[in-house]
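Read through the structure below, which is laid out as structure tokens, and then see the notes.
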Amino acid sequence: MTRPSPFGHPFLLGFDEIEQALDRVAKAGSDGYPPYNIERVTRSETEPERLRITLAVAGFTQDQLDISLEENQLVVRGRQVDDKSRQFLHRGIAARQFQRAFLLADGMEVLGADLSNGLLSIDLVRPEPERIVRKIAISSKDA
15 MTRPSPFGHP FLLGFDEIEQ ALDRVAKAGS DGYPPYNIER VTRSETEPER LRITLAVAGF
75 TQDQLDISLE ENQLVVRGRQ VDDKSRQFLH RGIAARQFQR AFLLADGMEV LGADLSNGLL
135 SIDLVRPEPE RIVRKIAISS KDA
């Protein structure tokens, strides 16, 4: 039994890409690591409203982290290498790798990223779209 698509309504034209993106997000399994927050940063007099993604990446250095924009996906990867020269009596903090992807809406721009106190913050902004009103001419095919 298949679930009917919410985008199958005849008034919703050209939304098939959104439906495919939702399917991708639903299928993407994640182990929940690293934990993250997404917050709205209110606009100030000098800056527009932004979104900030903050990931808890304690133990990772700047050169062990990679942020890339692949089409409309923001992908954050972390790679730690085990230091074989160290001898642990107890190992509670494992060196691990991760990949976390965020699907961005069209028009979203990445402003930058910052690593501070084990938190990786990525700021995003969506520029205000221009309001365009266009008059469509009606032609007549009658003789």
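In this text, residue positions in the sequence shown follow my numbering: the first is 15, and each later residue adds one. Positions of the beta carbon are idealized from the N, C-alpha and C atoms, including for glycine.
To the nearest angstrom, how far is it from the Cα of residue i to the Cα of residue j?
i       : j       : result
Asn-86  : Asp-96  : 32 Å
Leu-129 : Leu-27  : 42 Å
Thr-56  : Glu-63  : 5 Å
Lys-98  : Arg-114 : 27 Å
Gln-78  : Leu-134 : 12 Å
Ile-81  : Arg-105 : 28 Å
Gly-126 : Ile-152 : 47 Å
Lys-149 : Arg-54  : 36 Å
Ala-108 : Arg-66  : 27 Å
Glu-33  : Pro-143 : 22 Å
Glu-59  : Met-122 : 20 Å
Leu-118 : Ile-146 : 23 Å
When you compare the CB positions of residue i and residue j, do they come within less than 9 Å of one another, or not?
i       : j       : result
Leu-83  : Val-139 : no
Thr-68  : Tyr-50  : yes
Gln-94  : Gln-76  : no
Gly-132 : Val-90  : no
Ile-136 : Leu-103 : no
Look up residue i in the DSSP assignment and say whether it is helix, strand or coil.
i       : result
Asp-128 : strand
Gln-78  : helix
Glu-84  : strand
Glu-61  : coil
Glu-123 : strand
Glu-33  : helix
Gly-28  : coil
Glu-53  : strand
Ser-135 : strand
Ala-72  : coil
Ala-115 : strand
Could you round the C-beta distance between residue i and residue j to whole angstroms and report it? I think they count as a contact, below 8 Å.
i      : j      : result
Phe-74 : Gly-92 : 5 Å
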